[in-house]
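Chemist: Here the protein sequences line up with chains A and B, keeping their order.
Residue numbering for the first sequence follows our numbering, starting at 11 and increasing by one per position.
Residue numbering for the second sequence follows our numbering, starting at 11 and increasing by one per position.
Okay, handing you the structure first.
Number of protein chains: 2
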Amino acid sequence: MSQADAPETRSDDTSGCPLRDILDRVGDKWSVLAIVGLKDGRMRFSDLRRSIEGISQRMLTQTLRQLERDGLITRTVYPSVPARVEYELTALGVTLIEPLTALARWSENNRRAILANRAAYDSREI
Amino acid sequence: MSQADAPETRSDDTSGCPLRDILDRVGDKWSVLAIVGLKDGRMRFSDLRRSIEGISQRMLTQTLRQLERDGLITRTVYPSVPARVEYELTALGVTLIEPLTALARWSENNRRAILANRAAYDSREI
DNA sequence: CCGTATCCCCGGAGATACTG
DNA sequence: CAGTATCTCCGGGGATACGG
Numbered sequence: 011m012s013q014a015d016a017p018e019t020r021s022d023d024t025s026g027c028p029l030r031d032i033l034d035r036v037g038d039k040w041s042v043l044a045i046v047g048l049k050d051g052r053m054r055f056s057d058l059r060r061s062i063e064g065i066s067q068r069m070l071t072q073t074l075r076q077l078e079r080d081g082l083i084t085r086t087v088y089p090s091v092p093a094r095v096e097y098e099l100t101a102l103g104v105t106l107i108e109p110l111t112a113l114a115r116w117s118e119n120n121r122r123a124i125l126a127n128r129a130a131y132d133s134r135e136i
Numbered sequence: 011m012s013q014a015d016a017p018e019t020r021s022d023d024t025s026g027c028p029l030r031d032i033l034d035r036v037g038d039k040w041s042v043l044a045i046v047g048l049k050d051g052r053m054r055f056s057d058l059r060r061s062i063e064g065i066s067q068r069m070l071t072q073t074l075r076q077l078e079r080d081g082l083i084t085r086t087v088y089p090s091v092p093a094r095v096e097y098e099l100t101a102l103g104v105t106l107i108e109p110l111t112a113l114a115r116w117s118e119n120n121r122r123a124i125l126a127n128r129a130a131y132d133s134r135e136i
C-alpha cells in the first residue's frame, strides 16, 4: 500500500481509522480475556495466567504490556522475594467493560442463530 | 475450567467462550469495515471495495463469504452481463451495528487519552 | 464485473531455557 | 514468581493471473 496519494495528514492517525485502533486491541483474543479476567479486581500474574486457559507466559506478558501502555491497566510490583506483581484495571479500563459487555450480550443473544446459519450455509454448500 | 482431559471437543467449538466466537469476527479488521460499509444500504462488490481503502479483492471476497455464512449479510447475484453482485446487511447484521457503534463511541471518546498514555509510556520507557 | 487459484513472504505466537 | 531471549514453525494475506 503506497502512501503516495494520501493527503490526510493527521499525525496521530492510526491509518485513518480510529475505530481500528481500539478494535485491534479489543479484537485481540488475549487482550479481551485479560480485561475480562481483571474485571472483578486486581490479580497477580500467575493467577491471571491460570485463569486464562491456554495462554503462554510470553503472550500474557506481551498482552499486559500493551494494555498497560494504553493506560487500561496498572502494573504494581511488590519487591518481595520472590517478586510479586499485580495488575488492575484503571478507571479508563473499567469503562471498556461496558461496551465490551454489550457485545458479549449480543453474542450470547445471537450465538445460536449464527451457528444455525453456518450449519445451513455449510449444508447447502457441499 | 478444569476439564481434566478435554478431548478436543468440536470444531464449532468457541472453546467454551461464545464471546470469542463473535469477537473473532468483530475483531477482524476487514469484517468490521465491511459491516460499517454496508450500514447505509446495499452495495455492489466493486463499490464496497473502493470504499474500503486497502482491501484486496481476495480479502473482500473472503470476508463477505464469512459474513454471509454467519447470516449477517445477503449476497444477491444479478445475472446481467457483466455479472453484478450486491451485498446488504440482514436484520441480524443490522443489530450488530449498535454494539459496534457503542465501541466506536468509546474509541472516539478515549482515543486521545490512549494515545497520550502511549506517548507517556514510550517516553519514560527508553 | 466478480470470483478463484497460486505463489510467496512476513510476522505472530508456541516451546524452551535462562535471569532477577 | 515474573519476565526476557531465541528459535522455529505456520498460516494470514498481498500480488498476480486466469475463468465465468
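Note that CB positions come from ideal geometry on N, CA and C, so glycine has one too.
If you're wondering where the values come from, they're calculated on a predicted model, not measured in any experiment.
In this structure, how does DSSP classify B:Ile124 when only helix, strand and coil are distinguished?
Modeler: The count along the second sequence starts at 1 and reaches residue 124 of chain B at position 114. B:Ile124 falls in the helix class under three-state DSSP.
Chemist: How is B:Leu99 classed by DSSP in three states: helix, strand or coil?
Modeler: Counting from 1 along the second sequence, the entry for residue 99 of chain B is found at position 89. B:Leu99: strand per DSSP, three-state reduction.
Chemist: Counting pairs of Cβ atoms below 8 Å between the segment 61-74 of chain B and the segment 44-62 of chain A, do you hit three or more?
Modeler: Result no; under three Cβ-Cβ pairs closer than 8 Å.
Chemist: At least one CB of chain B closer than 8 Å to the CB of A:Trp40: is that the case?
Modeler: Here residue 40 of chain A refers to the residue found at position 30 of the first sequence. False, the Cβ-Cβ gap to chain B never drops below 8 Å.
Chemist: Would you mind working out which of A:Tyr97, A:Arg79, A:Ala101, A:Asp132 sits nearest B:Arg128, comparing C-alpha positions?
Modeler: In the second sequence, counting from the first residue as 1, residue 128 of chain B sits at position 118. Ranking A:Tyr97, A:Arg79, A:Ala101, A:Asp132 by Cα distance to B:Arg128 puts A:Arg79 first.
Chemist: Taking the C-alpha atoms as reference points, what is the distance between B:Val46 and B:Ile107?
Modeler: Here residue 46 of chain B is taken as the residue at index 36 of the second sequence, counted from 1. Here residue 107 of chain B is taken as the residue at index 97 of the second sequence, counted from 1. Going from the Cα of B:Val46 to the Cα of B:Ile107 covers about 8 Å.
Chemist: Is A:Ile83 helix, strand or coil when you go by DSSP?
Modeler: If you number the first sequence from 1, residue 83 of chain A lands on position 73. Here A:Ile83 sits in strand by DSSP.
Chemist: Per DSSP, what kind of secondary structure is A:Trp116 in: helix, strand or coil?
Modeler: Here the question's residue 116 of chain A lines up with position 106 in the first sequence. A:Trp116: helix per DSSP, three-state reduction.
Chemist: Quick check on A:Arg134: buried or exposed, where buried means 16 or more other Cβ atoms within 10 Å of its Cβ?
Modeler: For the purposes of this step, residue 134 of chain A is taken as residue 124 along the first sequence, with counting starting at 1. Burial call: exposed.
Chemist: Please report the distance separating the alpha-carbon of B:Leu70 from that of A:Thr84.
Modeler: As a working mapping, residue 70 of chain B is identified with position 60 in the second sequence. As a working mapping, residue 84 of chain A is identified with position 74 in the first sequence. Cα to Cα, B:Leu70 sits roughly 38 Å from A:Thr84.
Chemist: Which residues, taken in chain order from the segment 76-91 of chain A, show a beta carbon closer than 9 Å to some beta carbon of chain B?
Modeler: From the segment 76-91 of chain A, only Glu78, Arg79, Asp80, Gly81, Leu82 have a Cβ closer than 9 Å to chain B.
Chemist: Which chain A residues sit within Cβ distance under 7 Å of B:Arg128?
Modeler: Translated into positions along the second sequence, residue 128 of chain B becomes position 118. Correct list: Arg79, Asp80.
Chemist: Run the CB neighbour count on B:Pro109, radius 10 Å, all protein chains shown included, and call it buried at 16 or more, exposed below.
Modeler: Within the second sequence, the letter at position 99 stands for residue 109 of chain B. That one is buried.
Chemist: Which residue or residues does DSSP assign as beta-bridge partners of B:Met53?
Modeler: By 1-based counting over the second sequence, the position of residue 53 of chain B is 43. Paired residues: B:Tyr97.
Chemist: Comparing the C-beta of A:Leu70 with each C-beta of chain B, is any distance below 8 Å?
Modeler: Residue numbering aside, residue 70 of chain A sits at position 60 when the first sequence is read from its first letter. Output row for A:Leu70: interface = no.
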